[in-house]
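Below is one structure, written out as structure tokens; the observations come after it.
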Amino acid sequence: MYTTYSAGHAESRFPYPVGTGKGGHKPGHQTVRTQKAPARRKPYGFLNRTLQPIAPDLYTETYRGRVNLTTEESFDYLYRSALNYVQLLEMELPYTPPSKASPREKICRLYQVLDASLTDHVNLEVRKGQLQFCIYRYHSWPDYTLFWLPVNFTEKLHGTLKRIVLEFIRRFIRHHRMQDITDTPYFEMAECGLDCYLEEIMDRDELKRQREKNRIFRSYSEGKISRCLKRMRSRAFCRKLEEQVRQYVPATKAESGLLELVREGLPFIATSSPCIMDYEYDWHSEEEPDFTPIPMGYQILLTYSNEDELTDELESYFTSDSQETYCLTPVSSMLITPQTEKPLPPDDFPERFAKWLSRFMDYIANRLND
């Protein structure tokens, strides 16, 4: 089952919608009076020429020391890259480099023209000590959604079907490089917070409840749940998965629905299928950000259950983090060069991935017992 978390709300549920308010500023009713300068002189007359908004030169640190990247050679490379790319799209680049402008002026103007000419977005990045244009495109993705895939539902299954579903999940998390919930910093934060809280509790009922929560946390760390999650990373549960899926005859309607979803999910673990983590791209990347964005690996991961105290605790940490920063969602991106042969291709894999995974998680949470 998938969850959408509600930022800033104490109450949560699965799924639980999130709203983000947009702060507004209402214009006041006061009238601001301005004093005109005497007619004989202009205000701020010492400014006798127009100031151009020019970005400073961009430098990078290399083994040779500090190197300026905004050079004529950099502009030439970027210009040929942009010209080649728009020609691939059978378009024209409405820009003629001015002869007297500085390299940084020409690079800034080239970026503005290219970004305005394309329907996709453009980033100017430093890759391996060189300025490059990156073309990127956002995918439609459910906002503020946690795809925490549980495995405890398989305890309701038996025999061949149980082995089929477990093997499918094992291959799914491996193909998409999904970590489990104990690998996130939220898990460590929750454990530290729980240990400190236990020392301060005086109420007997609250102490009993927190000790039960502590028992579950310890199971995730070193008990039954830990062994279950580790087992999902080891040997196969069955061989020839595709053949097993074709041959299995469901005993109930619930089994039939689950098997059909597994069958629909097989293309997502095929050799030719992309990995969802390869779509992670931070267009606003900074070397030393004030708040690190939340990676996709924390939003799409393996857990034991979505209905225990651990997931509730980690959800609260995630919600708190999301109020300070932003979540990375799937983006198609491509660095362009003067030799680029194809434009950024159309791709709907993340949309299909999210749609199928939402249906799968909703089914195992709400309809498996039908």
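As numbered in this note's numbering, residues 793 to 1162 make up the sequence shown, in order.
We put the beta carbon where it would ideally sit given N, CA and C, even for glycine.
These numbers were taken from a predicted model, which means no experiment stands behind them.
Among the candidates the options, whose CA atom is the shortest distance from the CA of residue i?
i	options	result
Ala1157	Cys1119, Glu1052, Pro942	Pro942
Asn1098	Ala1043, Asp972, Glu1014, Gly921	Asp972
Met1153	Val957, Glu1080, Ser1125, Gln1036	Val957
Gly984	Phe964, Phe1009, Glu1004, His967	Per the sequence presented here, residue 984 reads as Cys, with Gly not at that position. The candidate whose alpha carbon is nearest that of Cys984 is Phe1009.
Leu906	Glu1107, Ser1124, Gln924, Leu949	Gln924
Phe1141	Ile1128, Leu1051, Ser1064, Glu1004	Ser1064
Ala982	Pro1122, Val1123, Leu1021, Ser1108	Ser1108
Ile1128	Asn944, Arg1001, Glu897, Val914	Val914
Arg1055	Tyr1118, Phe964, Glu1014	Phe964
Tyr903	Thr1132, Leu885, Ser891	Leu885
Tyr1218	Asn860, Ser1013, Glu897	Only positions 793 to 1162 of the chain appear in the structure, and residue 1218 is not among them; the question remains open.
With a threshold of 8 Å, establish whether the CB of residue i neighbours any heavy atom of the ligand ZN.
i	result
Ala908	Questions concerning the ligand ZN fall outside what the structure shown contains, since it holds no ligand whatsoever.
Using DSSP with H/G/I as helix, E/B as strand and the rest coil, what is residue i?
i	result
Ala893	coil
Asn915	strand
Val1041	coil
Asn860	strand
Tyr869	helix
Gln1115	coil
Val1123	strand
Trp940	strand
Arg929	strand
Leu1149	helix
Gln971	coil
Gln1131	coil
Leu1102	helix
Arg1144	helix
Gly1063	What sits at residue 1063 in the sequence shown is Thr, not Gly. Three-state result, Thr1063: coil.
Leu1051	helix
Leu923	strand
Thr1084	coil
Just to confirm, are residue i and residue j a CB contact at a threshold of 9 Å?
i	j	result
Phe979	Leu1120	no
Ser1018	Thr974	yes
Ser1114	Tyr936	yes
Leu1094	Ile961	yes
Pro895	Ser873	no
His1164	Cys1030	Given that the chain is displayed from residue 793 to residue 1162, the structure contains no residue 1164 and the question cannot be resolved.
Glu1072	Gly1089	yes
Pro1138	Leu881	no
Leu910	Leu870	no
Lys948	Asn1161	yes
Glu959	Leu1053	no
By how many angstroms is the C-alpha of residue j removed from the C-alpha of residue i?
i	j	result
Tyr928	Ser1011	42 Å
Tyr1040	Glu998	48 Å
Arg1159	Pro1042	15 Å
Leu875	His931	26 Å
Ser1077	Pro1130	24 Å
Val1037	Lys1016	28 Å
Asp912	Thr952	47 Å
Asp1100	Lys1045	28 Å
Arg1233	Cys926	Past the edges of the chain, shown from 793 to 1162, lies residue 1233, and the structure says nothing about it.
Trp933	Phe939	12 Å
Lys1000	Arg1025	34 Å
Ala1028	Trp1075	38 Å
Leu1021	Arg1007	17 Å
Arg1003	Asp1070	40 Å
Thr863	Ala1062	45 Å
Arg1151	Arg1023	25 Å
Phe1110	Phe945	24 Å
Are there 16 or more other CB atoms within 10 angstroms of the CB of residue i, so buried, or fewer, so exposed?
i	result
Ala1146	buried
Gly1057	buried
Ile899	buried
Val918	exposed
Gln1091	buried
Met883	exposed
Asp1125	At residue 1125 the sequence reads Ser, which differs from the Asp that was named. By the 10 Å Cβ count, Ser1125 comes out buried.
Glu1143	exposed
Tyr877	buried
Glu1105	buried
Leu1084	Reading off the sequence shown, one finds Thr at residue 1084, where the question assumed Leu. The residue is exposed, with fewer than 16 neighbouring Cβ atoms inside 10 Å.
Pro1059	exposed
Lys1005	buried
Pro890	exposed
Does residue i come within less than 9 Å of chain B when only Cβ atoms are used?
i	result
Asn1158	Chain labels in this structure do not include chain B; a single protein chain is all it has.
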